[in-house]
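Structure, as C-alpha cells:
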Amino acid sequence: MKFLRLLLVFIPISLIGEFVHFSPTLMFILSALAIIPLAGLMGEATEEISFYSGPRIGGFLNATFGNATELIISFFALKAGLFEVVKASISGSVIGNILLVLGASMLAGGMKYKTQAFNKQALEVNSSMLLFAVIGLIIPAVFTHTVSPELLNKQYEGLSIIVAVIMFSIYLMSLFFSFYTHKDLYSVDHREESKPKWSLKTAVLVLVAATVFIGLESEFLVSAVEPMTKEAGLSEFFVGIILIPIIGNAAEHSTAVLMALKNEMDVAIEIAIGSSLQIILFVTPVLIFLSLLFKPMSIIFNEFELVALLLSVFIANRVSNDGESNWLEGFQLLAVYLIIAVSFFVL
Amino acid sequence: MKFLRLLLVFIPISLIGEFVHFSPTLMFILSALAIIPLAGLMGEATEEISFYSGPRIGGFLNATFGNATELIISFFALKAGLFEVVKASISGSVIGNILLVLGASMLAGGMKYKTQAFNKQALEVNSSMLLFAVIGLIIPAVFTHTVSPELLNKQYEGLSIIVAVIMFSIYLMSLFFSFYTHKDLYSVDHREESKPKWSLKTAVLVLVAATVFIGLESEFLVSAVEPMTKEAGLSEFFVGIILIPIIGNAAEHSTAVLMALKNEMDVAIEIAIGSSLQIILFVTPVLIFLSLLFKPMSIIFNEFELVALLLSVFIANRVSNDGESNWLEGFQLLAVYLIIAVSFFVL
Amino acid sequence: MKFLRLLLVFIPISLIGEFVHFSPTLMFILSALAIIPLAGLMGEATEEISFYSGPRIGGFLNATFGNATELIISFFALKAGLFEVVKASISGSVIGNILLVLGASMLAGGMKYKTQAFNKQALEVNSSMLLFAVIGLIIPAVFTHTVSPELLNKQYEGLSIIVAVIMFSIYLMSLFFSFYTHKDLYSVDHREESKPKWSLKTAVLVLVAATVFIGLESEFLVSAVEPMTKEAGLSEFFVGIILIPIIGNAAEHSTAVLMALKNEMDVAIEIAIGSSLQIILFVTPVLIFLSLLFKPMSIIFNEFELVALLLSVFIANRVSNDGESNWLEGFQLLAVYLIIAVSFFVL
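Chains as they are written, first to last, in the numbering used here: chain Z, -14 to 332; chain S, -14 to 332; chain L, -14 to 332.
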C-alpha cells in the first residue's frame, strides 16, 4: 500500500496540467492517478481516528467514509449534469466490487492457498441484504419500463425520492443493527489489534487534506470526461461503468487482495460485499437527495445496469454461500468482469 | 384473533349499504371489513372439522380451504370479466405472503427475540417447489412475449389450459407426497395438540355460513371495484395487486405474526410459503378452469407481475436457506413491499 | 444399454432411404434412431480407451468426447447455415440435461428409494461454474438487446469471438483445475473399478467407426430439417430446442437414469450438470470458431433461450444445494420441461 503514495506526485502535475491546458485524455489520466493514493490516505486516516474514537464511532466513520471518494466524484458529475455517468458509476462500483475485487482476491489468494475457507454465517446477513437492496432498486425500474414512459415522466421525481428515503432508512436501520442490537455478530476487526501510528491531530489533518484534494482532482476528472470521450472515442457509459469505479475503489481493491494473500478471505469478501451494500443503501440515496440542489436525478437505472447488478448479486450470494474459494472461482469472476468490460469497449 | 370477530358487524352494515346505494368506495371498504373476520371463521371451522376427520382428511381440508377466500373473490371478479384484477390479485397474494406476512412476522418476532432459528430442512421442499412453480408460470409468458402477439392470440387458450393442467397435476402429486409417500417429513401441526372447541355440527354450520357470506360480500366488493377506481382515482391493477390480497389474507397474516411472537417461526414461514404455493398450484389452475364457464382467461401474466413473482421467490428461497431470522431481515422485506406498493400508488 | 444396439439396424435402413429418396420426416426419424446407439458406442469406446490411457488422459477424453455427438450434428447444421437450429440445440441441450435428465433420474430413483442423498460439496464447484458461465453468456446478449441493433451488427462478430475465447479459456482452466491443482476433489469414477472389456485396438476402431457414421447420419438429419419442418408443420426452433438435444443426449440420459436406479445420484447429477457445463464452455466456443470457416455465427442467443437457460441454472443450483432428492422433485423438473416443450409445440 505504501508504494501507492508515490502517485501523490500526480497532484502537482495535474495542477500544472490544468493551468497549461493539457489534453482532456491526459488530464483524465493524471487526475485519476492522483485520486488513487488520496483515497488510500483517506481510508488510513479514518482508521487512525477510529483508534481514538472507540470502536462504535470508528465503525460508523469507516462505514460512512468507506465510499467517500465515489461520493465526491459522483457529486461533481451530478453538478455537471452527467446523470448517465453517475448511475453507470454506481452500477459499475457494485459490479466491480463483486467481480473484480472478489475475483482478484480469490485468484491471488487461491494461487497461494489451495482452498480458502471463510465463515459464511457472518456473510449471510450482508449478502441477503444486498439481494434485497438490489431487488428494491429493480422493482420501480421494471415498473417504469413496463408502463408507457410518457405517462410517467412527471411522477419519476416523487417516486425516486420515496425509494431513496426507503433505501436510506434501511441503511440507518442496518447501522442500528450492527452497532446496537446485534453488534456481537460482527467480530472485532483484525486490523484494530495494532496500535495507532499517527496522533489524532495528524489523522484529522490528513483526512481534511485528502478530502479537499479529492474534491479538486474529481473536478478535473469530471470536466475531462465529456471532451475525452469525443477525443478517445469512448462512450460516457464505458467511462462511468468501468473506469471511474476502478479509480474510486483502487485503494480498497488492493486492501482486499492483500487480505486474501494473508488468508483472511473473510475480510476480503466483507470489503467487497459491504462496500457494494453501502453504495446502494447510502451513496445512491444521498446522490438522489443532493441532485435536488441542481436538477433532480431519477433512481431508475437502465436495463443493462439492472441485469448486471442482479446477476452480480446472484454471484455474490452463491460465492458467500459456498464457504470456501479457490483460484478457479476467482478466474471465473474476472472472466465475467472481462466480458462486461469488452462488451462496452467494443461499442 | 378474537377481536377480529367484532368486524362481523360490517356484514349487516354492508347489506344496508347495498340497499340504500352507498358510494362504491364505501361499499368496497365495508365489504372488505366484513370479509376479514369471515375468512378467519372459515379457517377456524376448517381446523375444528379436522379434529373429527383425522389428520389426513384434515390436512387436505386445510390445504384446500386455506385460500378459499381468495378463490371466492377471484371467482366473482372472473364472472365480472375483470381478468386483470384476478391476475393481479394472484401475483399480489404471493408477493404479499412472502414480503408482507414474512416481513411482519420477522420484524415482530425479531423485536421480542434476538434471532429466531427455524428448521430449514422442512422448508426446503416447499421453497424449491415454489421456485419451480413460478418458473413454470414464467416460461409460457416469456415465450408469448417474445413471439409476435398476433400469431399467438388463438393459441393462448389451449396453451393456458395445458399449463393449468400441468400445474394442477403437480398440486395433486404434492398432496400425494405429503399425505402418503413422505408424510413423516411434515411434523405434526402444533395447533392440533389442543382439543376441539366446537362440535362437528357447529363447525360444519360455521363453514357453510362463512362461505355463503364471503360469497355475498365478494360480490359487493367486486362490483364496487370498477366504479371505485374511477371515483378514488386508483388503478384496477393497484386494487388487484395490493388491496384484494390484504383483504383475502388478513386472517392468515395475523396467525403468522402471532406464531412469530410465540417464537414458532417455522409455522410463520410455513404459512407464508405454503400459502404462496397453493395459490400458484391450486388457485390459479382452478381459476383458469372456472373461466371456461364464462370467457377463457389466459395464464399469461404481465412483465411486472412475473418479475415481482420471481424476485419474491428468490427472497423466499434466500430467507428459508438462512435458517434464522432477525428484525432487520423483517424490516427489509417490508421495505421491498413498500417500494412495490408505492410504485403502484404513485401511478 | 445393450438393447440400444439393436437400433444400429437403422444405419443401413437410412442409407437405403437416402438412395430411394424417402420423405424428409422419415429420413429425420431414421437418422435420429441411428445416431442414438452410435452416440452410446462412442461413449463406451472412450471409456474403454481410458482404461489403457490412465485416468488423466482418460478424464480428458471423456470430457472432450462427452458431447461429441452434439458437436458433430451442430457442425453440419452450421455448414448448412441453420444458425437458429444450432443455437436452439445448444440451449436445448442445457435445458434438457437439467430438466429432462435430472428430472427423469430423480423420478425413477425416487420411486425406488424414498430419498436419495448426494454429496453436495463436490457438486458445488460445478453448479457455481454453470451459473457463472451462463451469466457470461447473458451479459453480451442483454447488452446487444439494449443497444439499438443497427449500430451493432458489424461489431457482433468481434464481440462473439472474444466472448468465445474467454469461455474457452475458462474451459481450459477448469481442465487444469480438475486434472492438476484440485484433482483430489473429484472422486474416482465408480465405473472405472471394473476391467476393460475391449482391447485398445477394438476400442479405437469402434471410436473411429462411430464418429464416421455419426457424421454421415448427422448430414442426413440436418438436410432433412428444413423440408421436414415444412412437411410436418413444426418450427425449426422446436426441432433445435427439443428434438436434436434428445437425439444427441439419449445415451447419456439412459446412463443417468440407470445410475439413479442404482442409488448413485451423485453420478446422475454430475452427468447432467457436467454435460451442461461442457456445452457452454467447450461446444459453444468451438462452434463459434468453426463457423468462421463458413459464415460467422454470433454468440447472441434470443431472449427466450436466455431466460430458459438462466432459470434452468437456478433450478440446477437449487437442486444441488439441497443435498437430497425425491420423486416429487423429479416430477416437477419434468413438468417444467413439459411446459417448455408444449409452449413450442403449440406454436
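For glycine and all other residues, C-beta sits at the position ideal for the given N, C-alpha and C.
- [ ] Please confirm if L:R(-10) has its CB atom under 9 Å from at least one CB of chain S.
- [x] no
Task: is_contact[Z:I124, chain S] using C-beta, thresh 9 Å - done: Taking a beta-carbon distance threshold of 9 Å, Z:I124 counts as an interface residue toward chain S.
Task: Cβ-based neighbour list, Z:S16, same chain, cut-off 8 Å, excluding 5 preceding and 5 following - done: F(-5), S(-1), E202, S203, F205, L206, A209
Task: Residue closest to S:L(-7), alpha-carbon to alpha-carbon, out of S:I14, S:I20, S:F4 - done: S:I20
- [ ] Compare the beta carbon distance of L:S78 and L:N234 with 9 Å and say whether it is the shorter of the two.
- [x] yes
Task: Cutoff 9 Å: Z:V304 Cβ touching any chain L Cβ - done: yes
Task: Proximity winner among Z:L190, Z:V197, Z:K99, Z:P270, relative to L:T166 (alpha-carbon distances) - done: Z:K99
Open item on the list: On a Cα-Cα basis, can you pick out the residue from S:A102, S:A30, S:F13 that is closest to S:I254?
Closed with: S:A102
- [ ] Label S:P414 either buried or exposed according to how many other C-beta atoms from any shown protein chain fall within 10 Å of its C-beta, with 16 as the threshold for buried.
- [x] As shown, chain S starts at -14 and ends at 332. That puts residue 414 of chain S outside it, with no answer to give.
Open item on the list: Once DSSP output is grouped into helix, strand and coil, what is the label at Z:S113?
Closed with: helix
TODO: Using alpha carbons as the reference points, say which of L:F68, L:M27, L:E32 lies closest to L:N287.
DONE: L:F68
TODO: Mind checking the stretch 154 to 169 of chain Z against chain S and listing, in chain order, the residues whose C-beta falls within less than 8 Å of any C-beta there?
DONE: Contact residues of the stretch 154 to 169 of chain Z toward chain S are S154, I155, M158, S159, F162, T166, H167 (C-beta to C-beta distance below 8 Å).
Open item on the list: Quick check on Z:Q101 - is its C-beta less than 9 Å from some C-beta in chain L?
Closed with: no
Open item on the list: Less than 9 Å between CB atoms is the rule here; does S:G143 satisfy it with respect to chain L?
Closed with: yes
TODO: Note down, in chain order, each residue of its chain lying with its Cβ closer than 8 Å to the Cβ of L:A257, except the 5 sequence neighbours on either side.
DONE: N82, I83, V86, L87, S90, A241, A301
Task: Beta-carbon contacts of S:D251 that lie in its chain and below 6 Å, excluding the five residues immediately before and after - done: F103, N104
Open item on the list: So if I threshold CB-CB distances at 8 Å, which residues from the stretch 280 to 301 of chain L count as touching chain S?
Closed with: N287, E288, F289, V292, A293, L296, F299, I300
Open item on the list: If we define contact as Cβ-Cβ less than 9 Å, is L:L313 a contact residue for chain S?
Closed with: yes
Task: Buried or exposed by the 16-neighbour rule on C-beta atoms within 10 Å, applied to L:T269 - done: With a 10 Å radius around the Cβ and a threshold of 16 neighbouring Cβ atoms, L:T269 comes out buried.
Open item on the list: Would you call the stretch 208 to 226 of chain S in contact with the stretch 30 to 38 of chain S, where contact means no fewer than 3 C-beta pairs closer than 8 Å?
Closed with: no
TODO: Say whether chain L places a C-beta atom closer than 9 Å to the C-beta of S:S328.
DONE: It does not: the Cβ of S:S328 has no partner Cβ on chain L nearer than 9 Å.
Task: Same chain, Cβ closer than 6 Å to L:G2, neighbours up to 5 away in sequence not counted - done: M12, L15
Task: CB contact check: L:L323 to chain S, cutoff 9 Å - done: Interface criterion met: the Cβ of L:L323 is under 9 Å from a Cβ in chain S.
Open item on the list: Here's a check: name, in chain order, each residue in its chain whose Cβ is nearer than 6 Å to the Cβ of S:P281, leaving out the five neighbours to either side.
Closed with: E142
Task: Limits of the unbroken alpha helix (DSSP H) element including S:A293 - done: 288 to 307
Open item on the list: Any heavy atom of the ligand NAP inside 8 Å of the beta-carbon of Z:I199?
Closed with: Although the ligand NAP was asked about, the structure shown includes no ligands whatsoever.
Open item on the list: When you compare the CB of Z:E177 with every CB in chain L, is at least one pair closer than 9 Å?
Closed with: At Z:E177 the pLDDT is 49, less than 50, meaning the model places this residue with poor confidence; the figure from the coordinates comes in the next sentence. Not one beta carbon of chain L lies nearer than 9 Å to the beta carbon of Z:E177.
Open item on the list: For Z:W183, which residues in the same chain have their Cβ closer than 6 Å to its Cβ, ignoring the five residues on either side in sequence?
Closed with: E33
Open item on the list: Quick check: S:I227 and S:F330, are their CB atoms within less than 9 Å of each other?
Closed with: yes
Task: Outcome for L:V298 when other beta-carbon atoms lying within 10 angstroms are tallied against a minimum of 16 - done: buried
Task: Check whether L:S127 and Z:A293 have beta carbons under 9 Å apart - done: In the sequence as displayed, the identity of residue 127 of chain L is Val instead of Ser. Yes.
- [ ] For S:S310, write down the residues that DSSP places opposite it in a beta bridge.
- [x] S:Q101
Open item on the list: Give me, in chain order, the residues of the same chain whose beta-carbon lies closer than 8 Å to that of L:L246; leave out the 5 immediate sequence neighbours on both sides.
Closed with: A93, G94, K97
- [ ] Closer than 6 Å by C-beta to Z:P40: which residues in its own chain qualify, once you throw out the five before and the five after it? Chain order, please.
- [x] Correct list: empty, nothing qualifies.
Open item on the list: List, in chain order, every chain L residue whose beta-carbon is nearer than 8 Å to that of S:V207.
Closed with: What S:V207 touches in chain L: nothing, since even the nearest Cβ is about 30 Å away.
Open item on the list: Quick check on DSSP: helix, strand or coil for L:E249?
Closed with: If DSSP states are grouped into helix, strand and coil, L:E249 belongs with coil.
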